[in-house]
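Note sheet for the following structure.
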Amino acid sequence: MLVKLLGCIIIILCSAKIGFEEAAKYSTRVKEIRELQTALAALKGEIGFCRTPMSQALTRTGQKLKSSVSQIFIKAGEDLKNKGKSAAEAWEAALLGVQKNLSLKNDEIYILSTFGKLLGVNDAGGQIENIELTSQKLAICEKQALEDERRFARLYRSLGIIGGVFISILFI
Amino acid sequence: MEAKEIILGNLPSSVSKEISDISFSDIEEIRLRAGRRLAVYSAGRYTCFGHIVTCGEIEQTLQIISGSSVYAYIEEIKNCFITLEGGHRVGLCGRAVIEGGRIKNIIHISGVNFRIARQIKGAADKIMPYIEKNNIQNTLIISPPQCGKTTIIRDAARQLGSRFKVSVIDERGEIAAMHKGMPQYDIGDMTDVLDLCPKAIGIPLMLRSMSPDVIITDEIAGCDVEAIKQALSCGVRIIATAHGDNVWQVKKRLGGGSIMEEFGCIILLGRRNGPGTIERIEEIGIKTGSKSGQSLII
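Residue numbers (our numbering), protein chains in the order written: chain F, 1254 to 1425; chain P, 32 to 329.
Take a look at the structure:
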């Protein structure tokens, strides 16, 4: 009986952990979108006011961030130091490399990919417009991500626990 | 870094592999024109390669030379050139975007010209006796493009810079080829450089800030005349270059004769016997006439 009870507790804990992890992805997605918006504002400053070359601007922006999002900027900036690569190529490669560590959904990845295609190709006015447009698109994504978090985070947490209890009952 | 390494590093791989095997010792220009063959100007003649340059390659070249930071080079792009590490100038042409009568940007770049810069120590040896006759003479070096004006005044800066306070107004970044605050060429121990600054603004600034004995600058035009007069009125000597075929042409372009009278020595260069061939030297009241026709550079 004690073994069964111990097994049930392990199943419930594991199931709850999966549920909580799934729920956390929704919160992380919101945080990452917000961090991206902060990063874009910093990049806008580097390009608009300081006219910092792109490689340096991306690296500096990345260094100001805390989450995994920073890696897109840092990797792209470092990659761009190697002559022969365009900013679009460096950005796309960095995005592909870091994507699996992010909680961002395809919508946000698509927005970031589109943003990268215009990186460094025109004057400061054009770059700032690209940054602002991307920021606006991310603001819409943030609203959607908040709504998803509100709807699904609690659901996954509850599902995790209830699922564990249900499986335990089945075993007993 | 060597010229070959710098130039190949700034070309798309599809273009650089075409010319990676050739010697860069004689190359003066590498030209990329959209939809046409890759051309190299070397030892006085053009060689066309089989590779047809695409618009994409030209676009990629601009991305590479600007470090994907077109916005950071917009002032240079407006002037149709970007200077690379080592002082190599990349000329650009495309469609000009005009706003209020001024160029706002150059878009749809269709032609790129890599001009390989070289330092030739001793290039100014033959003209130094004319520049330093009794006192330093205000000197104007006149020639069409690609006749070695910049190479010669770079060497004049090096030689004068070992004994006098020299200020170089390097509007196009070709004389000293400053890179991260360091000159890429030997320009003399006492030479100060104001980099990428228009001459009309830079000359008065250097007069006030660096108290030079000599100001050296490249490719003067009508808009620089007032600043040059100001420097001359302060007792500072000027050594400058100008594009042109003859004195009359330059006089006309600089807006009359008054400024020309200030130059104690006018040197005309050609490339009859290679870049830097002295065609004629005119000193105040003395016309030495045609010189030996010997090249200063090669």
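Each residue gets a CB set at the ideal place from its N, CA and C atoms; glycine is no exception.
Could you tell me whether the Cβ of residue i comes closer than 8 Å to any Cβ of chain P?
i                       : result
residue 1295 of chain F : no
residue 1337 of chain F : yes
residue 1421 of chain F : no
residue 1347 of chain F : no
residue 1271 of chain F : no
residue 1325 of chain F : no
residue 1399 of chain F : no
residue 1388 of chain F : no
residue 1412 of chain F : no
residue 1313 of chain F : no
residue 1304 of chain F : yes
residue 1276 of chain F : no
residue 1292 of chain F : no
residue 1300 of chain F : yes
residue 1340 of chain F : yes
residue 1308 of chain F : yes
residue 1243 of chain F : In the structure displayed, chain F extends from 1254 to 1425; residue 1243 of chain F sits before or after that span and is not available.
residue 1333 of chain F : yes
Between the Cα of residue i and those of the options, spot the shortest distance and give me the residue it belongs to.
i                       : options                           : result
residue 228 of chain P  : P:216, P:243 and P:206            : P:206
residue 1330 of chain F : P:115, P:100 and P:105            : P:100
residue 219 of chain P  : P:245, P:211, P:146 and P:233     : P:245
residue 45 of chain P   : P:63, P:113, P:169 and P:76       : P:63
residue 270 of chain P  : P:94, P:285 and P:251             : P:251
residue 1393 of chain F : F:1376, F:1403, F:1364 and F:1377 : F:1364
residue 163 of chain P  : P:192, P:259 and P:181            : P:192
residue 73 of chain P   : P:61, P:120 and P:262             : P:61
residue 77 of chain P   : P:58, P:92, P:183 and P:95        : P:58
residue 184 of chain P  : P:226, P:130, P:154 and P:110     : P:154
residue 265 of chain P  : P:169, P:181, P:146 and P:213     : P:169
residue 248 of chain P  : P:278, P:292 and P:187            : P:187
residue 1266 of chain F : F:1418, F:1314, F:1352 and F:1339 : F:1418
residue 1269 of chain F : F:1421, F:1422, F:1413 and F:1425 : F:1413
residue 1366 of chain F : F:1387, F:1291, F:1297 and F:1302 : F:1387
residue 158 of chain P  : P:130, P:106 and P:171            : P:171
residue 217 of chain P  : P:175, P:150, P:226 and P:131     : P:150
residue 239 of chain P  : P:148, P:267 and P:93             : P:267
residue 233 of chain P  : P:213, P:261, P:221 and P:212     : P:261
Counting contacts by CB-CB distance shorter than 8 Å, is residue i in contact with chain F?
i                      : result
residue 119 of chain P : no
residue 329 of chain P : A caution first: residue 329 of chain P carries a pLDDT of 47, below 50, which makes its placement in the model too unreliable to give a value.
residue 101 of chain P : yes
residue 110 of chain P : no
residue 318 of chain P : Low local confidence applies: a pLDDT of 44 at residue 318 of chain P is under 50, so the model's placement there is unreliable, with the coordinate-based value given in what follows. No, its Cβ sits nowhere closer than 8 Å to a Cβ of chain F.
residue 169 of chain P : no
residue 91 of chain P  : yes
residue 321 of chain P : Any reading at residue 321 of chain P is ruled out, since the residue's pLDDT is 44, under 50, leaving its predicted position unreliable.
residue 137 of chain P : no
residue 105 of chain P : yes
residue 87 of chain P  : no
residue 122 of chain P : no
Going by beta carbon distance, what residues of the same chain come within less than 8 Å of residue i, once the five residues before and after it are set aside?
i                       : result
residue 223 of chain P  : 196, 197, 198, 199, 237, 241 and 243
residue 178 of chain P  : 300, 301, 302, 306, 307 and 308
residue 84 of chain P   : 46, 63, 64, 65, 66, 67, 68 and 69
residue 1399 of chain F : 1283
residue 1402 of chain F : 1279, 1280, 1282 and 1283
residue 161 of chain P  : 168, 170, 296, 298, 312 and 314
residue 51 of chain P   : 39
residue 369 of chain P  : Here chain P has residues from 32 to 329 only, and residue 369 of chain P is not among them.
Could you pull out every residue in the same chain whose Cβ sits closer than 7 Å to the Cβ of residue i, ignoring the five residues on either side in sequence?
i                       : result
residue 281 of chain P  : 173, 273 and 275
residue 230 of chain P  : 200, 202, 248, 251, 255 and 258
residue 1288 of chain F : 1318, 1320 and 1322
residue 111 of chain P  : 122, 123, 124 and 137
residue 75 of chain P   : none
Examine chain C for any beta-carbon lying closer than 8 Å to the beta-carbon of residue i, and answer yes or no.
i                     : result
residue 94 of chain P : Chain labels in this structure do not include chain C; the protein chains are F and P.
For residue i, which residues from the same chain have a beta carbon less than 6 Å from its beta carbon, with the 5 sequence-adjacent residues on both sides left out?
i                       : result
residue 108 of chain P  : 137
residue 97 of chain P   : 104
residue 142 of chain P  : 64 and 124
residue 1260 of chain F : none
residue 180 of chain P  : 172, 174 and 272
residue 126 of chain P  : 138 and 139
Residues, ordered as in the chain, of the region 1357-1385 of chain F that lie near chain P by beta-carbon distance below 7 Å: 1372, 1373, 1374, 1375, 1376, 1377 and 1380
Is it true that the region 1370-1387 of chain F meets the region 1298-1317 of chain F, where meeting means three or more beta-carbon pairs spaced less than 8 Å apart? yes
Below 8 Å, how does it come out for the region 296-306 of chain P and the region 196-216 of chain P: are there three or more Cβ pairs, yes or no? no
Cβ contact check for the region 1270-1287 of chain F and the region 1406-1413 of chain F: 3 or more pairs under 8 Å: yes
Pairs of beta-carbons, one from the region 111-131 of chain P and one from the region 1348-1364 of chain F, closer than 8 Å: are there three or more? no
Residues of the region 40-54 of chain P with a CB closer than 7 Å to any CB of chain F: list them in chain order, please. 40, 41 and 44
Under 9 Å (Cβ pairs) to chain F, residues found in the region 194-216 of chain P: none
Which of the residues in the region 124-156 of chain P, read from start to end, lie with their CB under 9 Å from any CB of chain F? 135, 136 and 138
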